Amino acid sequence: MEMDALIQRRKPFRASFTRICNGIKLETDKEKPDEECEDAQKVSLASTSFSYPDGMYLQTLLVNIESNKRQKTIRALIDTGSQRSYILKRTAEEIGCHSNGTETLIQALFGGATTKRETHKSYEVSLSSLFGNYSRRLNLLEQLNICGPVTSLQPGPWIEKMKQKGITVSDVGRKDLKIEILIGADVTGALLTEKVHKLENGLVAVESLLGWTVMGRINYYTLESNVSMSSLITSMLVHSSDIENLWKLEALGITDSKENRSDVEL
Numbered sequence: 301m302e303m304d305a306l307i308q309r310r311k312p313f314r315a316s317f318t319r320i321c322n323g324i325k326l327e328t329d330k331e332k333p334d335e336e337c338e339d340a341q342k343v344s345l346a347s348t349s350f351s352y353p354d355g356m357y358l359q360t361l362l363v364n365i366e367s368n369k370r371q372k373t374i375r376a377l378i379d380t381g382s383q384r385s386y387i388l389k390r391t392a393e394e395i396g397c398h399s400n401g402t403e404t405l406i407q408a409l410f411g412g413a414t415t416k417r418e419t420h421k422s423y424e425v426s427l428s429s430l431f432g433n434y435s436r437r438l439n440l441l442e443q444l445n446i447c448g449p450v451t452s453l454q455p456g457p458w459i460e461k462m463k464q465k466g467i468t469v470s471d472v473g474r475k476d477l478k479i480e481i482l483i484g485a486d487v488t489g490a491l492l493t494e495k496v497h498k499l500e501n502g503l504v505a506v507e508s509l510l511g512w513t514v515m516g517r518i519n520y521y522t523l524e525s526n527v528s529m530s531s532l533i534t535s536m537l538v539h540s541s542d543i544e545n546l547w548k549l550e551a552l553g554i555t556d557s558k559e560n561r562s563d564v565e566l
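Throughout, the working numbering is defined as the position within the sequence shown, counted from one, plus 300.
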């Protein structure tokens, strides 16, 4: 296969396609797709879900980033569905990053869409754990928008149970859901340790050299409520073209009994 890079895709949550990487043009050049790829590397980009059921968590954590003697604590997302690692453009400017080069990429998104060829600045930054016991220099590509809001782990009895197992999660109960760094497959493998814990509540805790993360869904729903949640989300997606439908009672499965009566009954 004559391509600059092997495209790897995964199937993220179904609600993610229309919300992936807000701000990136999803235009596909159908007339000259081959020419566009000649001098641009084709890679898959993060497929982070913007809208997903309550209790579903992705691998987020707090880390320290440093460049040019400026430091900031930010939220990072570990996503092996992305071949490359990225830093938010605004964050790179805030800590005074100096570009050490550029890369031209065509980003392949979920659903088969691709972006137009875009040039990204590259920055070398130092990424370290909150406790300062691990530090690593990384090359990150500048991205205007990485993804939509990603929920942090919510407080609950599971926090104390994890602490009893020696698991401390840094990204808990935060209101600012912005992701400023995406750690892709090019880096993740070197960061993971061998410690993985399957928790009783359905979450899976995974240790990295930068700290613990959790992923999965908390099993505090009954089977019946799971079905109801699934039906509600599907209904919202079907009617997403008309935002007013989200506020109609019918979209929530609530109908007036009069609608189901015959003319004789009325």
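From the three backbone atoms N, C-alpha and C, an ideal C-beta is built for every residue, glycine too. Keep in mind that this is a model prediction, so the values were computed, not measured.
Return yes when the Cβ of residue j is within less than 7 Å of the Cβ of residue i, no when it is not.
i: T513; j: L362; result: no
i: I483; j: S422; result: no
i: P455; j: G432; result: no
i: L441; j: L427; result: no
i: I518; j: V425; result: no
What does DSSP give as the partner residue(s) for residue i in the beta ladder?
i: E418; result: L405
i: E424; result: N439
i: T291; result: In the structure as shown, the chain begins at 301 and stops at 566. Residue 291 is therefore absent and cannot be evaluated.
i: I483; result: I378
i: H518; result: The sequence given here places Ile at residue 518; His does not occur at that position. Its beta-bridge partners do not exist; DSSP assigns none.
i: S367; result: R370
i: K498; result: V504
Within a Cβ cutoff of 7 Å, which residues of the same chain sit near residue i, ignoring the five residues on either side of it in sequence?
i: E507; result: T493 and K495
i: Q464; result: none
i: Y434; result: S428, L509 and L510
i: T414; result: T328, I406, Q407 and A408
i: T468; result: W512
Starting from the C-beta of residue i, find all residues in its chain whose C-beta is less than 8 Å away, skip the five residues before and the five after it, and write them out in chain order.
i: N368; result: I395, G396, C397 and H398
i: M515; result: Y357, L358, Q359, L503, V504 and V506
Run through DSSP, which three-state label would residue i get?
i: G489; result: helix
i: A392; result: helix
i: E568; result: Given that the chain is displayed from residue 301 to residue 566, the structure contains no residue 568 and the question cannot be resolved.
i: D334; result: The predicted position of D334 is uncertain, since its pLDDT is 47 and thus under 50; a value taken from the coordinates is nonetheless stated next. Here D334 sits in helix by DSSP.
i: T380; result: coil
i: N433; result: coil
i: A505; result: strand
i: V450; result: coil
i: R375; result: strand
i: N400; result: strand
i: G466; result: coil
i: G511; result: strand
Leaving aside the five residues before and after residue i along the sequence, list all residues of the same chain whose C-beta is less than 6 Å from its C-beta, in chain order.
i: I479; result: R375, L377, I446, C447 and V450
i: T380; result: A485 and T488
i: R370; result: I395 and G396
i: F498; result: Before going on, a small fix: residue 498 reads as Lys here, not Phe. Here the set comprises V504.
i: R436; result: L427
Determine the burial state of residue i: buried for a count of at least 16 other Cβ atoms within 10 Å of its Cβ, exposed for fewer.
i: A490; result: exposed
i: E393; result: exposed
i: T391; result: buried
i: G511; result: buried
i: D471; result: buried
i: T373; result: exposed
Could you check whether the Cβ of residue i sits closer than 7 Å to any Cβ belonging to chain D?
i: K389; result: Absent here is chain D; the protein component of the structure consists of one chain.
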